[in-house]
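K.L.:
Sending over a structure as structure tokens; questions will come in a sec.
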Amino acid sequence: MTKTTLVLLASLFLLTICAFAQNNEFEIGAGGIFTPNLTAQVMEPGIATGVTCPINNPVCAQIPTRFHLGSRLAFEGAYGRRIIDAHAASLYVELPVLGIPGRGPHPVSPLPNLPSGIAIFFSPLLPDDFSSVFITPSVKVKFLPGAAIAPFISAGGGVALFNSVTTDAHGIAISHRNTTTGAFQVGGGVDIKTPIPRLGVRAEVREFLTGRPEFEPAVRFPDHLQNLFVGGGIVLRF
18 MTKTTLVLLA SLFLLTICAF AQNNEFEIGA GGIFTPNLTA QVMEPGIATG VTCPINNPVC
78 AQIPTRFHLG SRLAFEGAYG RRIIDAHAAS LYVELPVLGI PGRGPHPVSP LPNLPSGIAI
138 FFSPLLPDDF SSVFITPSVK VKFLPGAAIA PFISAGGGVA LFNSVTTDAH GIAISHRNTT
198 TGAFQVGGGV DIKTPIPRLG VRAEVREFLT GRPEFEPAVR FPDHLQNLFV GGGIVLRF
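Residues 18 to 255 in this note's numbering are what the sequence shown spells out, letter by letter.
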């Protein structure tokens with residue numbers, strides 16, 4: 018085998034690697050997570066729920082009230098693989114994974130038209146630490162992929178993992194619950210090229226719609242939970 022042949026083979030190998038590299042991207046990002054106020058339902062007290070009404074009130078069995086999940090910093094990692102390449106648009110399969118550290122739900126104060134004894138009663142039923150992970154394999158379409166600024170849209174579904182810990186007045190855990198539900202995500206954003214080859218910047222918005230997490234038996238949330246993620250990060254093409 019001549020030196021020229023070796024050079025040609027090496028060149029073809031490097032070109033193949035470069036072509037393959039252009040098909041993959043990995044994002045590391047962070048941003049804010051926002052959840053609208055929720056309407057929760059307190060179930061009828063009794064042996065089944067382990068809850069006793071603190072006062073004798075006919076409305077104590079089921080009292081609707083509103084809770085707020087605080088906004089927190091969330092962290093995201095996303096891998097994308099391009100499967101169709103075109104000048105106007107490219108099609109990707111991607112795996113976004115979003116992690117939300119612990120945040121505690123709090124009753125919205127003041128609670129309208131409720132005796133103060135009932136309002137105080139709700140607090141011990143809510144978890145002090147509530148964390149989430151969303152794993153949603155998706156399909157992404159990127160428009161004008163060769164441009165300096167390339168918008169994209171994404172949609173897909175997977176699972177949501179919830180973890181909640183409830184403590185008593187002394188900080189001792191009295192309940193630890195793990196919930197797995199379905200999750201659907203839809204979002205979009207822009208990829209921006211940088212002077213550094215294969216390194217880009219991404220700004221994005223994603224909404225995650227999931228099933229209901231399980232808290233204490235006496236507290237029931239709606240069937241669905243919405244989480245809006247607004248953030249960005251760096252994108253490595255390899």
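Note that beta-carbon positions come from the ideal geometry of N, C-alpha and C, so glycine has one too.
Because the structure is a prediction, the values reported are computed rather than measured.
Cα-Cα, which of Ala47, Gly217, Gly163, Thr198 is closest to Leu245?
P.N.:
Nearest option by C-alpha distance: Ala47.
K.L.:
So, helix, strand or coil for Thr52, using DSSP?
P.N.:
Note: Thr52 maps to coil in three-state DSSP.
K.L.:
Run through DSSP, which three-state label would His241 get?
P.N.:
Note: His241 maps to coil in three-state DSSP.
K.L.:
Return yes when the Cβ of Val222 is within less than 8 Å of the Cβ of Gly206, no when it is not.
P.N.:
Yes, the Cβ-Cβ distance between Gly206 and Val222 is below 8 Å.
K.L.:
So the beta strand (DSSP E) Leu108 belongs to, where does it begin and stop?
P.N.:
Start and end: 106-117.
K.L.:
According to DSSP, is Ile213 helix, strand or coil?
P.N.:
In the structure shown, Ile213 sits in coil (DSSP, three-state: anything other than H, G, I, E or B).
K.L.:
Run through DSSP, which three-state label would Gly199 get?
P.N.:
Strand.
K.L.:
Under a three-way DSSP split, which group does Ala167 fall into?
P.N.:
Ala167 falls in the strand class under three-state DSSP.
K.L.:
My output table needs one value for Ala103: the three-state DSSP class, helix, strand or coil.
P.N.:
Correct three-state label for Ala103: coil.
K.L.:
If we count Cβ pairs, one from each stretch, closer than 8 Å, do we get three or more for the segment 100-114 versus the segment 83-90?
P.N.:
Too few Cβ pairs lie closer than 8 Å, so no.
K.L.:
By the three-class DSSP mapping on this structure, what secondary structure does Arg254 have?
P.N.:
Correct three-state label for Arg254: strand.
K.L.:
How long is the line joining the alpha carbons of Ser247 and Ala167, rounded to whole angstroms?
P.N.:
In the sequence under discussion, the amino acid at residue 247 is Val, which differs from the Ser named in the question. Taking the straight line joining both Cα atoms gives about 18 Å.
K.L.:
Between the Cα of Pro122 and the Cα atoms of Gly204, Asp240, Ala106, Phe232, which residue gives the shortest distance?
P.N.:
Nearest option by C-alpha distance: Phe232.
K.L.:
Between Arg194 and Ala177, what straight-line distance do the alpha-carbon atoms span, to the nearest angstrom?
P.N.:
Roughly 14 Å between the two C-alpha positions.
K.L.:
Can you tell me where the beta strand (DSSP E) with Gly146 in it begins and where it stops?
P.N.:
Looking at the sequence provided, one finds Asp at residue 146 rather than Gly. Segment 146-152, the beta strand (DSSP E) holding Asp146.
K.L.:
Decide if Thr14 is buried, meaning its Cβ has at least 16 other Cβ atoms within 10 Å, or exposed.
P.N.:
This structure does not reach residue 14, given that the chain is present from 18 up to 255, and the question cannot be answered.
K.L.:
Keeping to the same chain, check which residues put their C-beta closer than 8 Å to that of Glu224; ignore five residues upstream and five downstream.
P.N.:
If we look at Glu224 and ignore the five residues flanking it on each side, its Cβ neighbours are Gln202, Val203, Gly204, Gln243, Asn244, Leu245, Phe246.
K.L.:
So what does Leu90 bridge to, in DSSP terms?
P.N.:
Leu90 is bridged to Gly49.
K.L.:
Taking C-alpha atoms, which residue in Val110, Gly174, Pro53 lies nearest to Ala200?
P.N.:
Cα-wise, what sits closest to Ala200 is Gly174.
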